[in-house]
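Undergrad:
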Amino acid sequence: MTRIDMTRIRIALVGLGRVAELIHLPALKSVRGIELVGAAEPDAARRTALARQFSIAQTFADAESMLAACKPGLVIVGTPPHTHHDLCLLSLHHGAHVFCEKPFVGSVREADDLIAAADARERLLWINNQYRFMRTYAVPRERIARGEWGRAYFVQCWQQVYHPPAHDQGWRGELKQSTLYEFGTHVLDLICFLFDALPCAVTAHTPRARAEFDADVLVQMTLRFPDERIATLAFNRVSQAPERYLEMRVDCERASLRLSLGGVARASLDWSKASGRPIARVSFVRGGEARVEAGGHSHVIAREPRQAYASATATHLQKCIEAIERGERDNAAARHAREVLRLVFAGYESARTGETVWLAEFEQGD
1260 MTRIDMTRIR IALVGLGRVA ELIHLPALKS VRGIELVGAA EPDAARRTAL ARQFSIAQTF
1320 ADAESMLAAC KPGLVIVGTP PHTHHDLCLL SLHHGAHVFC EKPFVGSVRE ADDLIAAADA
1380 RERLLWINNQ YRFMRTYAVP RERIARGEWG RAYFVQCWQQ VYHPPAHDQG WRGELKQSTL
1440 YEFGTHVLDL ICFLFDALPC AVTAHTPRAR AEFDADVLVQ MTLRFPDERI ATLAFNRVSQ
1500 APERYLEMRV DCERASLRLS LGGVARASLD WSKASGRPIA RVSFVRGGEA RVEAGGHSHV
1560 IAREPRQAYA SATATHLQKC IEAIERGERD NAAARHAREV LRLVFAGYES ARTGETVWLA
1620 EFEQGD
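Going by our numbering, the sequence shown wraps up at 1625, each residue one higher than the last.
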């Protein structure tokens, strides 16, 4: 098997939308041993503007032309999810490895098709659920795995914002299966990451809390995991409460962790029964924070001073490139992303039927 010279790996980008501008292109600036050789985008004005801003050598109106001309070793697919299957497949057919933005694809069957194609061509397929590479989550996960606070047995996740899909332009504003599919993949991946396991059952509700919004703006979900562990999530995209982009609490046997993403500006004075005195807490960061609370005490174990979407994507890309350089061809990461996608659709099925969905028995469309 031919090894790729990592000092010369050629990367091409499909899609020059906001995710490319705010995440992919800034991330590429800090990834070692690569060369951005081209980008494809149908919007001519967008192509010109971002080529100038990020010094992109060549731009093209379509992916086929870019792939034929640039012959990249790795393609980043940053287009709307309904295009992912065809663009990933096209990139694989041109002999490239693929780094695809989430949500992965529109169905489990499409995921299976891409994984089979990547395996057959001995190419890697990675999906950018990058939150696990943020310090806010990576540091707690490492210390949980070491057993520092005992077994983690309960994870709670919540989001409260006023941002219904109708407020989004483009493909996000058109989604009917929106919040759980577009945002929930990040959270489901994080829960599985923290527990180091996949759930065995899902129960979900997506009530139509606001009649004017024909999408899942309110989601409540419970996941049962092996070894008597559970996780819950509650997403409210029409909340009038102070915004919380993503809050998580991880309860372990000897400590409770509070993981906050999306900016933290918080001051509190709580009475501690254990210490018999009030405990003050002050947090102010633009990115995220992980805090341990135990025995009446609280302290920070990880902090992101700034938003970490691009830097976490850079870390993820670097790991992908290093795997290519080592000659790895195991698409375990893509198969995990497929399972996360299956959890999303199991949640929608549970909400539709009002029944718990057992994952061992569920296939999308059954």
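C-beta: ideal position from N, C-alpha, C; glycine also.
Which value, in whole angstroms, describes the spacing of the CA atoms of valine 1458 and arginine 1508?
TA: Counted from its first residue, the sequence shown places residue 1458 at position 199. Counted from its first residue, the sequence shown places residue 1508 at position 249. Position check: residue 1458 holds proline in this sequence, whereas valine was assumed. When rounded, the distance between both Cα atoms is 18 Å.
Undergrad: Suppose contacts are defined by Cβ-Cβ distances below 7 Å. Is valine 1398 in contact with valine 1336 by that definition?
TA: Along the sequence shown, one-based indexing puts residue 1398 at 139. Along the sequence shown, one-based indexing puts residue 1336 at 77. It is not a contact, given that the beta carbons lie outside the stated cut-off.
Undergrad: Tell me, to the nearest whole angstrom, how far the beta carbon of glycine 1215 is from that of valine 1478; I am working on the premise that it is less than 8 Å.
TA: The shown model of the chain, from 1260 to 1625, leaves out residue 1215, and the question about it has no answer.
Undergrad: Give the DSSP-derived three-state secondary structure of glutamine 1312 in the structure shown.
TA: For the purposes of this step, residue 1312 is taken as residue 53 along the sequence shown, with counting starting at 1. Three-state DSSP puts glutamine 1312 in a helix.
Undergrad: For arginine 1467, which of His1575, Pro1485, Leu1447, Gln1436 has the nearest alpha-carbon?
TA: Reading the sequence shown from its first residue, position 208 is the one you call residue 1467. Closest option to arginine 1467, Cα to Cα, is Gln1436.
Undergrad: What is the DSSP secondary structure of phenylalanine 1472, counted as helix, strand or coil?
TA: Within the sequence shown, residue 1472 is the residue found at index 213, counting from 1. Coil.
Undergrad: Tell me whether serine 1519 sits in a helix, a strand or coil according to DSSP, three-state version.
TA: Residue 1519 sits at position 260 when you count from the first residue of the sequence shown. Three-state result, serine 1519: strand.
Undergrad: Taking all protein chains shown into account, do 16 or more other C-beta atoms lie within 10 angstroms of the C-beta of glycine 1586, making it buried, or fewer, making it exposed?
TA: For the purposes of this step, residue 1586 is taken as the residue at position 327 of the sequence shown. Glycine 1586 should be labelled exposed.
Undergrad: Inspect the beta-carbon positions of threonine 1395 and glutamate 1563 and report whether they are closer than 7 Å.
TA: For the purposes of this step, residue 1395 is taken as the residue at position 136 of the sequence shown. For the purposes of this step, residue 1563 is taken as the residue at position 304 of the sequence shown. Yes, these two residues count as a Cβ contact at 7 Å.
Undergrad: For serine 1519, tell me which candidate among Gln1499, Ala1549, Arg1431, Glu1512 has the shortest Cα-Cα distance.
TA: On the sequence shown, position 260 is the one that residue 1519 refers to. Closest option to serine 1519, Cα to Cα, is Ala1549.
Undergrad: I need the straight-line Cα distance from glutamate 1294 to isoleucine 1270, nearest angstrom please.
TA: In the sequence shown, counting from the first residue as 1, residue 1294 sits at position 35. In the sequence shown, counting from the first residue as 1, residue 1270 sits at position 11. When rounded, the distance between both Cα atoms is 6 Å.
Undergrad: Using the Cα positions of leucine 1618 and glutamate 1360, report the straight-line distance between them to the nearest angstrom.
TA: Against the sequence shown, residue 1618 aligns to sequence position 359. Against the sequence shown, residue 1360 aligns to sequence position 101. Cα to Cα, leucine 1618 sits roughly 25 Å from glutamate 1360.
Undergrad: Between His1556, Tyr1568, Gly1555, Ala1553, which lies nearest to glycine 1546 when the distance is taken from Cα to Cα?
TA: Your numbering for residue 1546 matches position 287 in the sequence shown. Among His1556, Tyr1568, Gly1555, Ala1553, the Cα nearest to that of glycine 1546 is on Tyr1568.
Undergrad: Using the beta-carbon count (16 or more within 10 Å), is threonine 1307 buried or exposed?
TA: Counted from its first residue, the sequence shown places residue 1307 at position 48. Its Cβ having fewer than 16 others within 10 Å, threonine 1307 is exposed.
Undergrad: If you draw a straight line from the alpha carbon of arginine 1488 to that of leucine 1346, how long is it in whole angstroms?
TA: Along the sequence shown, read from residue 1 onward, the residue named residue 1488 stands at position 229. Along the sequence shown, read from residue 1 onward, the residue named residue 1346 stands at position 87. Each residue's alpha carbon lies about 38 Å from the other.
Undergrad: Please go through the same chain and pick out, in chain order, the residues whose beta-carbon is closer than 7 Å to the beta-carbon of arginine 1483, but skip the five residues on each side of it.
TA: Against the sequence shown, residue 1483 aligns to sequence position 224. Pro1458, Cys1459, Ala1460, Ile1489, listed in sequence order.
Undergrad: Using a Cβ-Cβ cutoff of less than 7 Å, which residues in the same chain neighbour threonine 1261 once the five nearest sequence positions on both sides are dropped?
TA: The residue given as residue 1261 occupies position 2 in the sequence shown. With a pLDDT of 38 at threonine 1261, under the threshold of 50, the modelled position of that residue is not reliable, and the figure given next carries that caveat. Taken in chain order, the list of residues that qualify is empty.
Undergrad: How many whole angstroms separate the CB atoms of arginine 1333 and phenylalanine 1313, which I take to be in contact at a CB cut-off of 8 Å?
TA: Counting from 1 along the sequence shown, the entry for residue 1333 is found at position 74. Counting from 1 along the sequence shown, the entry for residue 1313 is found at position 54. The residue asked about is misnamed: residue 1333 is leucine in this sequence, not arginine. At roughly 17 Å, the Cβ-Cβ gap does not stay under 8 Å, so leucine 1333 and phenylalanine 1313 are not in contact.
Undergrad: Is the beta carbon of alanine 1370 less than 7 Å from the beta carbon of arginine 1588?
TA: Here the question's residue 1370 lines up with position 111 in the sequence shown. Here the question's residue 1588 lines up with position 329 in the sequence shown. No, Cβ-Cβ distance for alanine 1370 and arginine 1588 is not below 7 Å.
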